[in-house]
Amino acid sequence: MKSNPNFLFPKLASTIEELRQLSISEERKKVLRPLVLYIQRCVQESKTCNLNFICTHNSRRSQFGQIWAKVASEYFGISANCFSGGMEVTAFNERAVESLKRSGFKISSKGKGNPIYAVSFSENSDPIVCFSKLYDDRVNHVENFAAVMTCDHAEENCPFIPGAEVRIPLHYKDPKEFDGTDLEEKKYDERSMQIASEMFHVFSEAEKQG
18 MKSNPNFLFP KLASTIEELR QLSISEERKK VLRPLVLYIQ RCVQESKTCN LNFICTHNSR
78 RSQFGQIWAK VASEYFGISA NCFSGGMEVT AFNERAVESL KRSGFKISSK GKGNPIYAVS
138 FSENSDPIVC FSKLYDDRVN HVENFAAVMT CDHAEENCPF IPGAEVRIPL HYKDPKEFDG
198 TDLEEKKYDE RSMQIASEMF HVFSEAEKQG
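Each step along the sequence shown adds one to the number in my numbering, with nothing skipped, and position 23 is 40.
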């Protein structure tokens with residue numbers, strides 16, 4: 018398997034070049050290691066890996082996780098189904114959507130309240146369908162998946178996730194605390210780029226060791 022950046026929208030490809038230069042601490046790499054090992058095992062067994070990114074509201078961090086993990090899997094040629102869900106249904110936050118647009122994704126939506134978004138990263142790939150939902154929603158894979166816990170609240174309040182093969186805590190700070198401030202765009206972009214850089218690290222390591 019070899020990485021393939023050429024299928025991406027040009028602006029997104031440029032963003033990925035930037036994020037791959039971001040440093041990840043050794044401490045954080047240890048936190049990411051269980052996810053690397055899970056994907057590596059799937060590769061070695063010639064199985065599609067199923068990842069479900071779970072946060073309380075499925076509105077920001079878990080959506081970032083699903084989207085960037087899917088792009089990373091395509092970039093490195095690793096078969097993966099990437100999902101996201103929450104403990105409550107709200108909506109895919111518009112600030113997070115705008116941050117992804119700034120990174121180079123092309124995004125359309127339909128519906129109100131809890132819109133369904135089509136997030137495109139390539140002319141030749143199906144868009145990623147995103148909306149806020151429970152982690153066990155029928156559109157998510159119901160068994161044999163890695164539950165990636167992107168916030169400590171969901172980690173603490175959801176002690177058992179049916180169908181999960183492994184449970185991987187991978188907590189991120191919530192950009193929500195900067196809503197309505199002068200730092201809003203900056204902090205959403207920082208969080209998106211952090212999650213993106215870590216997903217690219219994870220799939221890169223899995224590709225090298227698979």
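All residues carry an ideal CB built from backbone N, CA and C; glycine is no exception.
Problem - Sufficient close CB pairs (3 or more, under 8 Å) joining the segment 137-145 to the segment 37-57 - result: Inter-segment contact for the segment 137-145 and the segment 37-57 is absent: fewer than three beta-carbon pairs are separated by less than 8 Å.
Handout entry: Start-end ranges of the alpha helix (DSSP H) lying completely within the segment 79-141, minimum 4 residues
Key = Those alpha helix (DSSP H) runs which fall completely within the segment 79-141 and span 4+ residues are 111-120.
Practice task
Tell me whether Phe177 is buried or exposed, calling it buried when 16 or more other Cβ atoms sit within 10 Å of its Cβ.
Solution key: With fewer than 16 other beta carbons inside 10 angstroms of its own, Phe177 counts as exposed.
Exercise for the section: Check whether the Cβ atoms of Ala108 and Pro132 sit closer than 8 Å, and answer yes or no. Expected result: A Cβ-Cβ contact shorter than 8 Å links Ala108 with Pro132.
Handout entry: Contact under 8 Å by Cβ, Phe162 with Asn75
Key = In this structure, Asn75 does not lie closer than 8 Å to Phe162 by Cβ.
Exercise for the section: Return the chain-ordered list of same chain residues with a C-beta closer than 8 Å to the C-beta of Pro27, the five sequence neighbours on each side being excluded. Expected result: Once the five neighbours on either side are set aside, the close Cβ partners of Pro27 are Gly121.
Exercise for the section: Could you tell me which residues DSSP puts in a beta bridge with Arg184? Expected result: According to DSSP, Arg184 bridges with Ala164.
Practice task
State yes or no: is the C-beta of Ser149 within less than 8 Å of the C-beta of Leu36?
Solution key: It is not a contact, given that the beta carbons lie outside the stated cut-off.
Handout entry: 8 Å Cβ shell around Ile33 - same chain, five flanking residues per side excluded
Key = So the qualifying residues of the chain are Pro22, Leu25, Val88, Tyr92, Ala213, Phe217.
Handout entry: Endpoints, beta strand (DSSP E) assigned at Ile145
Key = That run of the beta strand (DSSP E) goes 145-147.
Handout entry: Buried versus exposed, by CB contacts within 10 Å (16 or more), Gly94
Key = The residue is exposed, with fewer than 16 neighbouring Cβ atoms inside 10 Å.
Problem - Pairwise C-alpha distance: Arg77 and Ser116 - result: Ser116 and Arg77 have their C-alpha atoms spaced approximately 10 Å apart.
Handout entry: For Ile71, the three-state DSSP class (helix, strand or coil)
Key = When DSSP states are grouped into helix, strand and coil, Ile71 belongs to the strand group.
Problem - Reduced DSSP secondary structure (H/G/I, E/B, other) of Met18 - result: Residue confidence for Met18 is low, a pLDDT of 43 falling below 50, so the modelled location carries little weight and cannot support an answer.
Exercise for the section: Taking all protein chains shown into account, decide if Gly197 is buried (16 or more other Cβ within 10 angstroms of its Cβ) or exposed. Expected result: Exposed is the call here.
Practice task
Over the uninterrupted alpha helix (DSSP H) stretch that includes Tyr55, give me the two end residues.
Solution key: Segment 43-61, the alpha helix (DSSP H) holding Tyr55.
Problem - Exposed unless 16 or more other CB atoms sit within 10 angstroms - verdict on Val146 - result: By the neighbour-count definition (other C-beta atoms within 10 Å, threshold 16), Val146 is an exposed residue.
Practice task
Output the boundary residues of the alpha helix (DSSP H) element that contains Glu194.
Solution key: Secondary structure note for Glu194: it is in no alpha helix (DSSP H), with a DSSP letter that is neither H nor E.
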